[in-house]
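Trainee: Before anything else, here's the structure in question.
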Amino acid sequence: MSFRIEHRIGVAAPASEVWDLVYDLKGWKDWTGVYSEASGKIAIGETLHFTFTVGDRPPMSAVATVYDWVPEAQLAWNAKLAGGVRTLRFVEIEKLTETSCILSNGDYYSGFGTIFMNRKLRRDIRGAFQRMNENGKRIAEARWQEKGGTVDTTPVPGRRVSPLTIQPLGPTVKPAKPWGFGGRGFGPKLNAP
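Count along the sequence shown from 1, then add 23; that gives the number in our numbering.
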């Protein structure tokens, strides 16, 4: 079984302001509200060490490997957690304008242990991502204002963006009619644009 948990939020500050928070791993304990320790070198293949808390559970530790990173855009890492759970964790920054972006924070989970990740745990994880994003937004916008920047929440024409939480949209799955008959083949078929 595999699934994704993600939270996105609009930030009225440049992507560089958010990236400064993400890139400074030692500073994560001061702003994330989730990670009490984060250390390592951000470079592909390098090792990262984390101690984090989700909900009312005791702190957990993880050793991860940097999967990918792009300055002012993304940081992704792989980790193996207790119980046979594998994760691909990511923090992404999508630049909208010179002074606004979307901060996306999430995890892809896979492995046998995911069957034991109940709804409460998943809600707690999403809540942790939300708390981290809201803190990042607040700090990045405050730093931007301290530098003389203005916080403009005007939406970009043609984009569905606001400083509120944005839910990601995925492809819709429509079963072929009827399954395996009518010359359509077997299984579900993704809607084509």
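All residues carry an ideal CB built from backbone N, CA and C; glycine is no exception. Remember, predicted model here, so these are calculated numbers, not experimental data.
When the Cα atoms are used, what is the spatial distance from M24 to K103?
Mentor: 15 Å
Trainee: Distance check for Y90 and Q97, CA to CA, integer angstroms please.
Mentor: C-alpha of Q97 to C-alpha of Y90: approximately 10 Å in a straight line.
Trainee: Any chance the region 24–38 sits against the region 118–132, with 3 or more Cβ pairs inside 8 Å?
Mentor: Contact holds: three or more Cβ-Cβ distances are below 8 Å.
Trainee: Between the C-alpha atoms of W42 and A66, what's the straight-line distance to the nearest angstrom?
Mentor: 15 Å
Trainee: Report the rounded CA-to-CA distance for T76 versus R149, giving the unit in angstroms.
Mentor: When rounded, the distance between both Cα atoms is 12 Å.
Trainee: Quick check on this structure: which residue in S59, S133, G56 has the alpha carbon closest to the alpha carbon of T110?
Mentor: S133
Trainee: What are the partner residues of S133, as DSSP defines its beta bridges?
Mentor: S25, R109
Trainee: Starting from the C-beta of W51, find all residues in its chain whose C-beta is less than 7 Å away, skip the five residues before and the five after it, and write them out in chain order.
Mentor: Answer for W51: Y58, A61, listed in chain order.
Trainee: Consult DSSP for K160 and reduce its assignment to one of helix, strand or coil.
Mentor: helix
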